[in-house]
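Line by line, the protein sequences are chains A and B.
So for the first sequence, our numbering puts the first residue at 66; every next one is plus one.
So for the second sequence, our numbering puts the first residue at 66; every next one is plus one.
First comes the structure, then the notes that go with it.
Protein chains: 2
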Amino acid sequence: MKELRIGLLGFGVVGRGVAELLLAQEKLLRERTGVALRLVRIATRTPERAQGVPLGAVQVSGAVHQVVTADDVDVVVEVMGGLEPARSLLLEALQRGKHVVTANKALIAMHGEELMRAAAVAGRDLLFEAAVAGAIPIIKVLRESLAANQIDQLYGILNGTCNYILTEMRERGSSFDQVLQDAQAKGFAEADPSFDVDGIDAAHKLAILAAIAFGSFPHFSQIHVEGIRHVSAVDITWASEMGYRIKLLGIAKQDAEGVELRVQPTLVPVTSMVASVEGVFNAVFVRGDAAGTTMYYGRGAGAGPTASAVVADLADLARNGGKEATQRVAGFSTLLECLSSHPVRETAEWRGEYYLRLAVADRPGVLAEVTTVLARQQISIDAIHQKGRSDVAAVPLIMVTHETTERQVRAALREMEGLDAVRETPRFIRIEPGFV
Amino acid sequence: MKELRIGLLGFGVVGRGVAELLLAQEKLLRERTGVALRLVRIATRTPERAQGVPLGAVQVSGAVHQVVTADDVDVVVEVMGGLEPARSLLLEALQRGKHVVTANKALIAMHGEELMRAAAVAGRDLLFEAAVAGAIPIIKVLRESLAANQIDQLYGILNGTCNYILTEMRERGSSFDQVLQDAQAKGFAEADPSFDVDGIDAAHKLAILAAIAFGSFPHFSQIHVEGIRHVSAVDITWASEMGYRIKLLGIAKQDAEGVELRVQPTLVPVTSMVASVEGVFNAVFVRGDAAGTTMYYGRGAGAGPTASAVVADLADLARNGGKEATQRVAGFSTLLECLSSHPVRETAEWRGEYYLRLAVADRPGVLAEVTTVLARQQISIDAIHQKGRSDVAAVPLIMVTHETTERQVRAALREMEGLDAVRETPRFIRIEPGFV
Numbered sequence: 066m067k068e069l070r071i072g073l074l075g076f077g078v079v080g081r082g083v084a085e086l087l088l089a090q091e092k093l094l095r096e097r098t099g100v101a102l103r104l105v106r107i108a109t110r111t112p113e114r115a116q117g118v119p120l121g122a123v124q125v126s127g128a129v130h131q132v133v134t135a136d137d138v139d140v141v142v143e144v145m146g147g148l149e150p151a152r153s154l155l156l157e158a159l160q161r162g163k164h165v166v167t168a169n170k171a172l173i174a175m176h177g178e179e180l181m182r183a184a185a186v187a188g189r190d191l192l193f194e195a196a197v198a199g200a201i202p203i204i205k206v207l208r209e210s211l212a213a214n215q216i217d218q219l220y221g222i223l224n225g226t227c228n229y230i231l232t233e234m235r236e237r238g239s240s241f242d243q244v245l246q247d248a249q250a251k252g253f254a255e256a257d258p259s260f261d262v263d264g265i266d267a268a269h270k271l272a273i274l275a276a277i278a279f280g281s282f283p284h285f286s287q288i289h290v291e292g293i294r295h296v297s298a299v300d301i302t303w304a305s306e307m308g309y310r311i312k313l314l315g316i317a318k319q320d321a322e323g324v325e326l327r328v329q330p331t332l333v334p335v336t337s338m339v340a341s342v343e344g345v346f347n348a349v350f351v352r353g354d355a356a357g358t359t360m361y362y363g364r365g366a367g368a369g370p371t372a373s374a375v376v377a378d379l380a381d382l383a384r385n386g387g388k389e390a391t392q393r394v395a396g397f398s399t400l401l402e403c404l405s406s407h408p409v410r411e412t413a414e415w416r417g418e419y420y421l422r423l424a425v426a427d428r429p430g431v432l433a434e435v436t437t438v439l440a441r442q443q444i445s446i447d448a449i450h451q452k453g454r455s456d457v458a459a460v461p462l463i464m465v466t467h468e469t470t471e472r473q474v475r476a477a478l479r480e481m482e483g484l485d486a487v488r489e490t491p492r493f494i495r496i497e498p499g500f501v
Numbered sequence: 066m067k068e069l070r071i072g073l074l075g076f077g078v079v080g081r082g083v084a085e086l087l088l089a090q091e092k093l094l095r096e097r098t099g100v101a102l103r104l105v106r107i108a109t110r111t112p113e114r115a116q117g118v119p120l121g122a123v124q125v126s127g128a129v130h131q132v133v134t135a136d137d138v139d140v141v142v143e144v145m146g147g148l149e150p151a152r153s154l155l156l157e158a159l160q161r162g163k164h165v166v167t168a169n170k171a172l173i174a175m176h177g178e179e180l181m182r183a184a185a186v187a188g189r190d191l192l193f194e195a196a197v198a199g200a201i202p203i204i205k206v207l208r209e210s211l212a213a214n215q216i217d218q219l220y221g222i223l224n225g226t227c228n229y230i231l232t233e234m235r236e237r238g239s240s241f242d243q244v245l246q247d248a249q250a251k252g253f254a255e256a257d258p259s260f261d262v263d264g265i266d267a268a269h270k271l272a273i274l275a276a277i278a279f280g281s282f283p284h285f286s287q288i289h290v291e292g293i294r295h296v297s298a299v300d301i302t303w304a305s306e307m308g309y310r311i312k313l314l315g316i317a318k319q320d321a322e323g324v325e326l327r328v329q330p331t332l333v334p335v336t337s338m339v340a341s342v343e344g345v346f347n348a349v350f351v352r353g354d355a356a357g358t359t360m361y362y363g364r365g366a367g368a369g370p371t372a373s374a375v376v377a378d379l380a381d382l383a384r385n386g387g388k389e390a391t392q393r394v395a396g397f398s399t400l401l402e403c404l405s406s407h408p409v410r411e412t413a414e415w416r417g418e419y420y421l422r423l424a425v426a427d428r429p430g431v432l433a434e435v436t437t438v439l440a441r442q443q444i445s446i447d448a449i450h451q452k453g454r455s456d457v458a459a460v461p462l463i464m465v466t467h468e469t470t471e472r473q474v475r476a477a478l479r480e481m482e483g484l485d486a487v488r489e490t491p492r493f494i495r496i497e498p499g500f501v
């Protein structure tokens, strides 16, 4: 019986999940791969955490570097997170002839090119299914199952924390701050939630997906990132009344002129499939020229789902049977030497429908002033809503535009902000029709 | 540049789609696999169909057997359909050292064991992603992405024709026969629709999915198959009123005592994800012990989606790089020598909630007679609906049970059929809660 000897870097929630899954499914994995997947070493800054976990003969230590250098390790699994020392450790592991499996989205999004080149030089594999959307096998799907497709659009709910917050805001009619506090109390959001709620985590994942879909290295800096802090209960209520839900989407589009990459709160029709993805679930929609639209749905985080993806990568390595099939599939799907960069379309050039929210004085003539600005920018209106209330200083004025460019929308909002009747900075949220 | 030389058996809608996709994506596939995927031969009973298709140097002939024997073919792609001569041709192709890619669900469901053993003896690959759910990569997902999961339940909408018919019946309030006629006129249903509407096509696919999920060869004969002919407009209306939709599902369950395999019209909650899969779309839901529930959605048929799956298999073979990685992944996921058979649970032992429809005389005492029968069978009722109309001979009486066994339900319905007030054979439809 061949074996694949595994060294684990990190023993937090995910690391423990990986260790437990490898031990629990030892027989199943042997019967499916013909290889014994054997966990031999765990390195963690807190080795005491492993006490009480039935790990058998696995060596647990605080010496992280040892796992990378040990002769009895064929593959290093990195679930520590963070850019350093993870980056240096994985580069060294590859140089020392070990395969690498990582769940580290930030690392692949920021240093994917350097790591993938190092893997090619070393003739070893660098796999990262767990880096995007947890249990959803979107990396393998894009790289292998959709290999015959030119992909022109991809979008997804890539951050479970944001989707949970937006779902709760709608269901309970609560504000962002209230729901965030509750989510933190329940452990669904971090003490410092900015990585999630400001869209950075989703942008890391989108950078990776776009690289594979469009044939480039990941370019995190090309992504336009907006989080959900500015989404108000008013927006969610009005969106519902007009037949929309608000989701934080990662969106990647490509045409002959270039790519658009963005993470943003988005109005999607309530009847679209993506609108029904609720709570902590993730989903990714992909449009290919042959397959049409396909969709992939599941849990985007947690010990079990993430471990499922990590161990699937290990099973892939096991089935590669040693070195014969190494680098069987290129890391970003397209061969390194064929990857190219794509021009990025300026936000001003984006086209679409827009949801606009103003706070205006409730007096005659305001609507005429506002719509005159829109007319000057050649923006036509699909729907407009205002409920007058004479007892407050400002009332919400909600509008949905027909298709226009973001340049026109931004110019109009700047102009509106200068109007005397407009009491707060006007906000907009982009609308996507959803292609399912 | 390495090349993979392809011989195509069959040039119907799917065959033409495969040929066109290979030619259109030649550069893309080369940049993703490092291999030139070259279509060299097409065999079809109607070679004249290829006239006008720009096939370049591809040899088109009516000599089907030649593709299997030709020295310049590395892989035979079978998209003819039917059991023979497909089976004999593919066995011979394997014996002659060629890989095989097929979209033939009936063939894999009925002769999967024989073909897979032949592939193992020959040391060649037999791939069949396109056999189940078109563009949805459910075969690869089960075999590779969920390799670390023990799967206990799987269900799916596996036949687009049935899903289209049920969707139309609900939206238009029409009968099965009316909608079927329209679907035939539009080309969404075959002239002889029995393969689809009687559930056989879905059962072929379920046999394949269950084999991979549970680690056995496909056993078509173990599947309990019911089609949608008996689903009436009344059922659809009442299901809607009670918060359900009716879908034809393929369902596979496994526990320590055995497996349940069935294709059946099923009531699912309107709020469940599966209820929102409409029209010709397919979807598969899988529950694994690590990943939890994941779902896969897309077009289950058509030239593009099916060709996308066929060419994905070809890309896999190309990436295997000749013979080094052949038989990298076992055909039914688990190694041939580790596949086992599972005892099948009798329908009488199935447990669940049931929807019951009776046609009864509209007179006093009927409800008492019917509910007495249920009480005698220890079946408790969750909901009951009857609308009296004195001007007709019989009115529908609709009931939903709490969880019970199918033995009890069948015994109760037999007894009810003997009642004087019951005017037609009582019908039942099983209810599944849907695990998303």
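Virtual Cβ for every residue (Gly too), placed ideally from N, Cα, C.
Exercise for review: Could you confirm whether any beta carbon from chain B is found closer than 8 Å to the beta carbon of R114/A?
Suggested key: Translated into positions along the first sequence, residue 114/A becomes position 49. No, its Cβ sits nowhere closer than 8 Å to a Cβ of chain B.
Point to revise | Whole-angstrom distance between G75/A and V132/A, CA atom to CA atom | key: Here residue 132/A refers to the residue found at position 67 when the first sequence is read from its first residue. Here residue 75/A refers to the residue found at position 10 when the first sequence is read from its first residue. So the alpha carbons of these two residues sit roughly 11 Å apart.
**Study point:** Local Cβ density within 10 Å of A186/B, reported as buried at 16 or more and exposed below that
**Key:** Here residue 186/B refers to the residue found at position 121 of the second sequence. In the sequence on display, residue 186/B carries Val and not Ala. Counting Cβ neighbours within 10 Å, V186/B comes out exposed, since fewer than 16 surround it.
Practice item. Go ahead and label L148/A buried or exposed: buried means 16 or more other beta carbons lie within 10 angstroms of its beta carbon, across all protein chains shown. Key: Locating residue 148/A in the first sequence gives position 83, where the first residue counts as 1. L148/A should be labelled exposed.
Check your understanding: Does DSSP put G72/B in a helix, a strand or coil?
Key -> Here residue 72/B corresponds to residue number 7 of the second sequence, with the count starting at 1. Looking at G72/B - three-state DSSP - the assignment turns out to be strand.
Exercise for review: Assign E468/B to one of two classes, buried (16 or more other C-beta atoms within 10 Å of its C-beta) or exposed (fewer than that).
Suggested key: Here residue 468/B corresponds to residue number 403 of the second sequence, with the count starting at 1. Label assigned to E468/B: exposed.
Check your understanding: Given that D381/B touches chain A, what residues does it touch there, using C-beta distances under 7 Å?
Key -> Counting from 1 along the second sequence, the entry for residue 381/B is found at position 316. Residues of chain A passing the Cβ test: E209.
Exercise for review: Using the Cα positions of G146/A and L172/A, report the straight-line distance between them to the nearest angstrom.
Suggested key: By one-based count along the first sequence, residue 146/A stands at place 81. By one-based count along the first sequence, residue 172/A stands at place 107. Roughly 8 Å between the two C-alpha positions.
Review point. At a Cβ threshold of 8 Å, is V142/A touching chain B?
Key: Residue numbering aside, residue 142/A sits at position 77 when the first sequence is read from its first letter. It does not; no Cβ of chain B falls within 8 Å.
**Study point:** Bridge partner(s) assigned by DSSP for Q243/A
**Key:** Translated into positions along the first sequence, residue 243/A becomes position 178. None, per the DSSP bridge assignment.
Point to revise | Same chain, Cβ closer than 6 Å to L326/B, five either side skipped, listed in chain order | key: Here the question's residue 326/B lines up with position 261 in the second sequence. The answer, listed in chain order, is A275, Q287, I288 and A317.
Check your understanding: V474/A: which of R492/A, A368/A, V487/A and A459/A sits nearest, CA to CA?
Key -> The residue you call residue 474/A lines up with position 409 of the first sequence. Of the listed residues, the one whose Cα sits closest to V474/A is R492/A.
Exercise for review: State buried or exposed for T336/A, treating a residue as buried only when at least 16 other CB atoms are found within 10 Å of its CB.
Suggested key: Along the first sequence, read from residue 1 onward, the residue named residue 336/A stands at position 271. Exposed, by the Cβ-count rule.
Review point. Shortest alpha-carbon distance to A372/B belongs to which of I71/B, L87/B and K67/B?
Key: In the second sequence, counting from the first residue as 1, residue 372/B sits at position 307. Cα-wise, what sits closest to A372/B is L87/B.
Point to revise | Which listed residue (K452/A, R495/A and L432/A) has its alpha carbon closest to that of M481/A | key: Translated into the one-based positions of the first sequence, residue 481/A becomes position 416. Measuring from the Cα of M481/A, the nearest candidate turns out to be L432/A.
Review point. Since P334/B is in the beta strand (DSSP E), which residue starts that stretch and which ends it?
Key: For the purposes of this step, residue 334/B is taken as the residue at position 269 of the second sequence. G323 to P334 is the extent of the beta strand (DSSP E) around P334/B.
Exercise for review: Give the interface partners of G353/B over in chain A, defined as CB-CB distance under 7 Å, in chain order.
Suggested key: Taking the second sequence and counting its residues from 1, one reaches residue 353/B at position 288. The contacting residues are S373.
Review point. CB-CB under 7 Å to S405/A, same chain, minus the five flanking residues each way: which ones, in chain order?
Key: Position 340 of the first sequence holds residue 405/A. Only G280 and S281 meet the Cβ criterion.
**Study point:** Proximity of D263/B and A254/B at Cβ, strictly below 8 Å
**Key:** Here residue 263/B refers to the residue found at position 198 when the second sequence is read from its first residue. Here residue 254/B refers to the residue found at position 189 when the second sequence is read from its first residue. No.
Review point. What's the call for D381/B, buried or exposed, on a 16-neighbour Cβ count within 10 Å?
Key: Indexing the second sequence from 1 puts residue 381/B at position 316. Counting Cβ neighbours within 10 Å, D381/B comes out buried, since at least 16 surround it.
Check your understanding: Who are the Cβ neighbours of G121/A in its own chain at under 8 Å, not counting the five residues just before and after it?
Key -> Looking up residue 121/A in the first sequence gives position 56. So the qualifying residues of the chain are L88.
Exercise for review: Note down the Cα distance separating V140/A from A383/A, rounded to an integer number of angstroms.
Suggested key: As a position in the first sequence, residue 140/A is number 75, starting the count at 1. As a position in the first sequence, residue 383/A is number 318, starting the count at 1. Computed Cα separation, rounded: 10 Å.
Check your understanding: Going along the chain, which residues of its own chain have a beta-carbon closer than 7 Å to the beta-carbon of N224/A, five neighbours each way excluded?
Key -> Taking the first residue of the first sequence as 1, we reach residue 224/A at position 159. Here the set comprises D261, D266, A267 and L313.
Check your understanding: Would Y362/B pass as a contact of I203/B if the rule is Cβ separation under 8 Å?
Key -> Along the second sequence, one-based indexing puts residue 362/B at 297. Along the second sequence, one-based indexing puts residue 203/B at 138. Not a contact, by the Cβ cut-off of 8 Å.
Exercise for review: Just the C-alpha distance for A183/A and L159/A, rounded to the nearest angstrom, thanks.
Suggested key: Residue mapping note: residue 183/A aligns to position 118 of the first sequence, counting from 1. Residue mapping note: residue 159/A aligns to position 94 of the first sequence, counting from 1. Going by the C-alpha atoms only, they are around 7 Å apart.
Exercise for review: Would you mind telling me which residues of chain B sit closer than 7 Å to L93/A, beta carbon to beta carbon, in chain order?
Suggested key: Within the first sequence, numbered from 1, the residue matching residue 93/A stands at position 28. Correct list: Q215.
Point to revise | Sequence ranges, alpha helix (DSSP H) only - wholly within the region 262-330 of chain A, length at least 4 | key: 265-279 and 298-306
Practice item. Determine which residues of the region 393-407 of chain A have a Cβ less than 8 Å from any Cβ of chain B, and write them out in chain order. Key: R393, V394, A395, S398, T399, L400 and C403
Practice item. Taking only the alpha-carbon atoms, compute the straight-line gap between Y229/A and T436/B and give it to the nearest angstrom. Key: One-based indexing of the first sequence puts residue 229/A at position 164. One-based indexing of the second sequence puts residue 436/B at position 371. Their Cα atoms are separated by approximately 44 Å.
Review point. Does the beta carbon of S341/B come closer than 8 Å to any beta carbon on chain A?
Key: Numbered from 1 along the second sequence, position 276 holds the residue referred to as residue 341/B. Yes, S341/B counts as interfacial toward chain A.
Exercise for review: Work out the CA separation of E471/A and V244/A for me, nearest whole Å.
Suggested key: To locate residue 244/A, count along the first sequence from 1; it is residue 179. To locate residue 471/A, count along the first sequence from 1; it is residue 406. Roughly 30 Å separates the two Cα atoms.
Review point. If L231/A sits next to I293/A, beta carbons under 8 Å apart, how far is it from one beta carbon to the other, in whole angstroms?
Key: Start at 1 with the first residue of the first sequence, and residue 231/A comes out as number 166. Start at 1 with the first residue of the first sequence, and residue 293/A comes out as number 228. About 6 Å; that satisfies the 8 Å criterion.
Check your understanding: At a CB-CB cut-off below 9 Å, which residues of chain B make contact with I316/A?
Key -> Working through the first sequence from its first residue, we reach residue 316/A at position 251. Ordered by position in chain B, no residue passes the 9 Å Cβ test against I316/A, which lies about 19 Å from the chain.
Check your understanding: Name the DSSP bridge partner or partners of G417/A?
Key -> Here the question's residue 417/A lines up with position 352 in the first sequence. Looking at the DSSP assignment, G417/A forms a beta bridge with T469/A.
Check your understanding: What span of residues does the beta strand (DSSP E) with E194/A cover, start to end?
Key -> In the first sequence, the residue the question calls residue 194/A occupies position 129. Unbroken run through E194/A: none, as it is neither H nor E.
**Study point:** Distance between beta carbons of A198/B and G221/B, contact taken as under 8 Å
**Key:** As a working note, residue 221/B is residue 156 in the second sequence. As a working note, residue 198/B is residue 133 in the second sequence. Confirmed, Cβ separation roughly 7 Å.
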